[in-house]
C-alpha cells in the first residue's frame, strides 16, 4: 500500500490541485488520445482496403480488355499459319479481318490502361503495342514456323502482361479466399488454357491444311494437348474450390463453366481423333479451326462471366467495408455523445452532492442540526450522506440529552437558591432569638417571671429552625441527587460521542478494505494486460508463420490478424478499467479525509461535555456541603432545644446559671452568625451554579435540533 501510494503520488498531487471539471477534462483527454489513435489506425486500414479493392477493380478491367486482344492475336496466328502453309485468297481475307479486329481490341486495351493508371503496366503495354504493330507488318514475310513462334511469343508476353497488371493492382494478393480463387481462374487458369487451346487450334489447322505432320510437329502438338488437359484439370479443381467457398457466386458461372469444360474436353478428344488417330489427316482444317474457335469462345464466355462475378464480389466488398466504416463511425459518434452526456451528468451529480454536503456542513458549523441530508445517489457519496445523517441523529440525541440535563441543573440551582434564602431568613430569626436570650439572661435576676415567656418564644424559634433545617437538608439532598443524575446523563453523552467515534473508525476501516480490494482489482487488470501483450506476440508469430507458409497460410494470417486486433482492443478496455479504478480510489481518499474531520469534531464535542460534567460535579459537591452544614444546624437546634427543656424544668436554677446561660447565648450567637455565613456561601454557590446552568443552556441553545422522534 505504501509503495502504491509512492507510485501514485505524482498523479494524486496533480489531481488534488484540480477542480472536478478540470479532473474530468484531463482524464477524458488521456482516455480519448489512445482511442482516437486506434480509430485513426482502423479508419486508415479500412480506407486502405477500400482503395486496394478499387485498384484491384482497375486491374481487372485492364485484364478483361487484354484478353480479347490476346484472342485476336491467337486467331491472327492461326490464320497466318494457314495462309503461310498454302492457304489462298480466302485465308488472306480472313487474316485482314482479324488484323482489323485486333487493332480495334488494342485500342480498347489502350483506353482501359489509361483509365487504370498503373504506371508499370502502361510502359509494358506500350512495348507490346509496338510488338504487335511490327508483327502485323512482318507476318507476310515470315515462314509459317517463324510466324507461329512470333505470335506465340507475343501471346506469352500478353499473359505476362496480365499477370503483371494483376500484381501491380494487388489482384494477385487478394485477401479474401473466395475471390482469390476466382482471380486465379481469371488471371492464370483461363488465359493459359485458352492459349493452349489456341496453339492446338493453330498447329492442327496447319497440319490438316498440309495433310502431313513432321514428328516434331506431332510431338509438339501432343505436348500442348497434354498441357491443355492438365490446365483443364486444374481449372476444374479451382472451380470446385470456389464453389465450396462461395456457392452463391459460383452459381452465376456454373453453367458457363460446365459448358466450357465440356467444350475443351470435346476439342481435345477431336484433336486426338483427327491429328493422332487418323494417319491420313483427311479432316477438314476449317472445321477443326472452327471447333477450336468455338471452344475458345466458350472459354471466353466463362472468362467474361468470371470477371463480371469477380467485379461483383469487389463491389460487394467495397459496399461491406463502407457500410462497416459508416456504421462504426456512427456508433463511435453516438458513443462519444453518450460519454459526453454521462460525463456531464456525472459532474453535475458529484458537484451537486458535494455542494449539498458543503451547505449542510456549514449549517452544522452554525449550529443547525435540524435538517437531514437527502442524496439521491447510491454510490459512495450516498454512503457519505447516510453517515452524515447518522452523525446528525447521534448529535441531536446527545445534545438533546445535554439540554434536558442543563434545564434540570438550572431548575435545581434555582431551587437551591430559594432554599438558601429561606435558610438565611431562618438563621437571621435564630440570631434575633439568641440575642433576645442573651438580653434575658442579663435581666434574668430581675425578671424571673418573664423567663417562661422568653423560653416559650425560644422554643418556637428553635422549632422553626428545626423545620427550616429539615427543609434545607431535604433540598440539599435533592440538589445532590439531581447533580449526580446530570453527571450520569453527561457520562452517557460521552459514551454516545465515543460510539460515534468508533462508528467513524469502523467506517474508515471499511473504506481502507475497499481501497485494498481496489488494489486487488488493479493487480487483476495488470494480469489481463500481460495476457493481452502475450496474445499480441502470439498473433505476430502466427503472422510470421503464415507468411512463411505462403498461399496455404493466408487464411491463418487473417485469423492471426483478427486475434491481434482483439488483443489490442482488450488492452484498451483494460486501460479504461484501470483509469476507472483510479477514480474510485481518489474518492475513497476524500471519504477518509471527511471521516477524519468528523472524528476531530467529535473529539471537540467530548471536550465540551467534559467541561459541563466538571461543572455539574462542582454543583453536587456544593450541594453536599450545604447538606453537611444544614445537618450541623439541625444538631445545634437539638442542643438548643435540650437547653430550653432544662431551663423550663429548672426555673429555680435560672438565677444560678444566668451567667452561664449568658455565655452560652453568646456562643450560640457566634455559631448562628457562622451558620448564616455558611448559608450565604450556599446561596452564592447556588447563584454560580445557576449562572453555569444558564451558560450551558446558552451554549446548547446555539444548536438547532430536529424534533424528538
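In the UniProt record's numbering, the protein residues as written are 1 to 709. Glycine included, every Cβ here is placed at the ideal spot set by N, Cα and C.
Exercise. Are there 16 or more other CB atoms within 10 angstroms of the CB of residue 11, so buried, or fewer, so exposed?
Worked result: By the Cβ neighbour-count rule, residue 11 is exposed, with fewer than 16 other Cβ atoms within 10 Å of its own.
Exercise. Would you say the stretch 331-341 touches the stretch 74-94, given that touching needs at least three Cβ pairs under 8 Å?
Worked result: Taking 8 Å as the limit for Cβ pairs, the verdict is that the stretch 74-94 does not touch the stretch 331-341.
For this session: Would you list the residues sitting across from residue 319 in a DSSP beta bridge?
Result: Residue pairing for residue 319: DSSP places it in no beta bridge.
Problem set entry | Host alpha helix (DSSP H) of residue 175 (start-end) | Neither: residue 175 is in no alpha helix (DSSP H) and is coded neither H nor E.
Exercise. Which residue from 404, 362, 207 puts its Cα closest to that of residue 388?
Worked result: Just measuring C-alpha positions, the residue of 404, 362, 207 sitting nearest residue 388 is 362.
For this session: Answer with buried or exposed for residue 527, where buried requires no fewer than 16 other C-beta atoms within 10 angstroms of its C-beta.
Result: Classification of residue 527: exposed, given that the 10 Å Cβ count is below 16.
Exercise. If you draw a straight line from the alpha carbon of residue 123 to that of residue 117, how long is it in whole angstroms?
Worked result: The alpha-carbon of residue 123 is positioned some 11 Å away from that of residue 117.
For this session: Using the Cα positions of residue 27 and residue 61, report the straight-line distance between them to the nearest angstrom.
Result: Rounded to the nearest angstrom, the two C-alpha atoms are 51 Å apart.
For this session: Counting only the same chain and skipping the five closest in sequence on each side, list residues whose C-beta sits under 8 Å from that of residue 192.
Result: 159, 231, listed in sequence order.
Exercise. Counting pairs of Cβ atoms below 8 Å between the stretch 283-295 and the stretch 214-232, do you hit three or more?
Worked result: These segments do not touch.
Exercise. If we ignore side chains and look at the alpha-carbon of each, how far apart do residue 296 and residue 164 end up?
Worked result: Rounded to whole angstroms, residue 296 and residue 164 show a C-alpha spacing of 23 Å.
For this session: Please go through the same chain and pick out, in chain order, the residues whose beta-carbon is closer than 6 Å to the beta-carbon of residue 246, but skip the five residues on each side of it.
Result: Result list for residue 246: 178, in chain order.
For this session: Could you give the DSSP three-state label for residue 279: helix, strand or coil?
Result: In this structure, residue 279 counts as coil in the three-state DSSP scheme.
Exercise. Alpha carbon to alpha carbon, what distance is there between residue 112 and residue 285?
Worked result: It is roughly 36 Å from the alpha-carbon of residue 285 to the alpha-carbon of residue 112.
Exercise. So, residue 303 versus residue 190, is the Cβ gap smaller than 8 Å?
Worked result: Closer than 8 Å, so yes.
For this session: For residue 106, I'd like the list of residues in its chain whose CB is within less than 7 Å of its CB, leaving aside the five on either flank, ordered along the chain.
Result: Here the set comprises 69, 129, 132.
For this session: Over the uninterrupted alpha helix (DSSP H) stretch that includes residue 236, give me the two end residues.
Result: Counting along the chain, the alpha helix (DSSP H) containing residue 236 begins and ends at 215-245.
Problem set entry | Contacts around residue 52, its chain only, beta-carbon distance under 7 Å, and the 5 residues preceding and following it disregarded | Here the set comprises 170.
Exercise. Helix, strand or coil for residue 302 per DSSP?
Worked result: The answer is helix: DSSP assigns residue 302 an H, G or I state.
For this session: Determine, using beta carbons only, whether residue 519 and residue 4 come nearer to each other than 8 Å.
Result: Between residue 519 and residue 4, the C-beta gap is smaller than 8 Å, which places the two residues in contact.
For this session: Please report the residue range of the alpha helix (DSSP H) in which residue 206 lies.
Result: Unbroken alpha helix (DSSP H) run through residue 206: 190-210.
Problem set entry | residue 249 versus residue 150 - alpha carbon distance | As the crow flies, the alpha-carbon of residue 249 is around 38 Å from that of residue 150.
Exercise. Exposed or buried, residue 181, counting other C-beta atoms within 10 Å across all chains shown (16 or more means buried)?
Worked result: Looking at its Cβ environment, which holds 16 or more other Cβ atoms inside 10 Å, residue 181 is buried.
Exercise. Would residue 155 pass as a contact of residue 195 if the rule is Cβ separation under 8 Å?
Worked result: Against a cut-off of 8 Å, the Cβ pair of residue 195 and residue 155 comes out as a contact.
Problem set entry | Nearest-angstrom beta carbon gap, residue 228 and residue 270 [assumed within contact, 8 Å] | Not really, about 12 Å apart at Cβ, beyond 8 Å.
Exercise. Is the CB-CB distance between residue 325 and residue 530 below 8 Å?
Worked result: No, Cβ-Cβ distance for residue 325 and residue 530 is not below 8 Å.
Exercise. Cα-Cα, which of 386, 210, 241 is closest to residue 84?
Worked result: Comparing Cα-Cα distances from residue 84 to each of 386, 210, 241, the minimum goes to 210.
Problem set entry | Cβ-based neighbour list, residue 317, same chain, cut-off 6 Å, excluding 5 preceding and 5 following | Closer than 6 Å at Cβ, skipping near neighbours: 53.
Exercise. Just how far apart, CA to CA, sit residue 168 and residue 346?
Worked result: Here the alpha carbons of residue 346 and residue 168 stand approximately 54 Å from one another.
Exercise. For the alpha helix (DSSP H) that residue 127 lies in, which residues bound it at each end?
Worked result: Unbroken alpha helix (DSSP H) run through residue 127: 119-138.
For this session: Using the Cα positions of residue 7 and residue 383, report the straight-line distance between them to the nearest angstrom.
Result: Each residue's Cα considered, the two are about 28 Å apart.
Exercise. According to DSSP, is residue 19 helix, strand or coil?
Worked result: Judged by DSSP in its simplified three-state form, residue 19 adopts coil rather than helix or strand.
For this session: Tell me whether the beta-carbon of residue 148 lies closer than 8 Å to the beta-carbon of residue 202.
Result: Contact flag set, yes.
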